[in-house]
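Trainee:
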Amino acid sequence: MTATQDFVHVFEPATRPGAPTLLLLHGTGADERDLLPLGRALSPGAALLSPRGRVSENGMNRWFRRLREGVFDVDDVVARSAELAGFVTAAARDYGLDPDRIVVSGFSNGANTGAALLLLHPRLLGGAALFAAGAPLQGREPDPVDLSGVRVFLGSGAADPVTTPDQARLLAAQLGDRGADVEAREHPGGHRLDPDVLAQARDWFDRSRF
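This is the structure in structure tokens:
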């Protein structure tokens, strides 16, 4: 059973009464502090739970193995997602968090992992704001889980060479087909956190009232 201390992580308690918790999942090569500014921008005063990925690729932190650029080790995606789900459950208990009000946000590899959590552990999270995310279970159709009531924001780039638009749209379709309330926004750029899309995500977060 995964424990909170099994992941190097940062936890910042909420400074606003009734605020949700943001689970922040960094991209390849970053660490547990990389997305703290994103969390503060999305929901000022929210609690922030930001772990570090436990896979190392040439010294870079990741959440799961890949066989080569753009090709995931799907069995490892499944196994590492289960470890991370265990961490989230343990952290919610240890830090006194409301599991129904934990929202995952991530970029690139972290966003793919957030998508995997939604599809593989559907009752774990209350929502997601994911940037540059694609369908994480490459070549596999996810189980027909029930994601009704789960609100998801997806931000992607029309010229992204890493997470291609077809993969971003496939993820949106997979989530929507399982009942999630998906809001997808596309910017004209590449593999990055676009300021306009970030502003749209902040607006979505305010409207979602987590």
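Here full-length UniProt numbering is used: the first residue of the sequence shown is 1, the next is one more, and so on. All C-beta atoms in this analysis are idealised placements derived from N, C-alpha and C, irrespective of residue type, glycine included.
Taking the alpha helix (DSSP H) that Glu83 falls in, what are its first and last residues?
Mentor: Residues 74-95.
Trainee: Is Gly126 closer than 9 angstroms to Pro195 when the C-beta atoms are compared?
Mentor: For Pro195 and Gly126, no; Cβs fall outside 9 angstroms.
Trainee: In angstroms, rounded to a whole number, what distance separates the CA positions of Gly190 and Arg169?
Mentor: Distance between the alpha carbons of Gly190 and Arg169: 15 angstroms.
Trainee: For Gly155, does the three-state DSSP call read helix, strand or coil?
Mentor: DSSP places Gly155 in strand when its eight states are reduced to three.
Trainee: Buried or exposed for Val182, please, with buried defined as at least 16 other CB atoms from any protein chain shown within 10 angstroms of its CB.
Mentor: By the 10 Å Cβ count, Val182 comes out buried.
Trainee: Which runs of the alpha helix (DSSP H) spanning at least 4 residues fall entirely within the region 117-180, listed in chain order?
Mentor: Taking only runs of at least 4 residues, the alpha helix (DSSP H) segments lying wholly in the region 117-180 are 165-177.
Trainee: Going by alpha carbons, who is nearest to Arg209 out of Ile102, Leu117, Gly110?
Mentor: Out of Ile102, Leu117, Gly110, Ile102 has the C-alpha closest to the C-alpha of Arg209.
Trainee: Among the residues of its own chain, which have a CB less than 8 angstroms from the CB of Gly139, if the five just before and after it don't count?
Mentor: For Gly139, where only same-chain residues beyond five positions count, the Cβ hits under 8 angstroms are Val74.
Trainee: Check each candidate in Gly59, Glu69, Phe64 and name the one with the smallest Cα separation from Leu79.
Mentor: Note on residue identity: the sequence assigns Ala, not Leu, to residue 79. The candidate whose alpha carbon is nearest that of Ala79 is Phe64.
Trainee: Using only the alpha-carbon positions, how far apart do Phe107 and Leu198 sit?
Mentor: Approximately 11 angstroms between the Cα atoms of the pair.
Trainee: Going by DSSP, what residues sit across from Arg68 in a beta bridge?
Mentor: Partner(s): Val71.
Trainee: Go ahead and label Asp146 buried or exposed: buried means 16 or more other beta carbons lie within 10 angstroms of its beta carbon, across all protein chains shown.
Mentor: That one is exposed.
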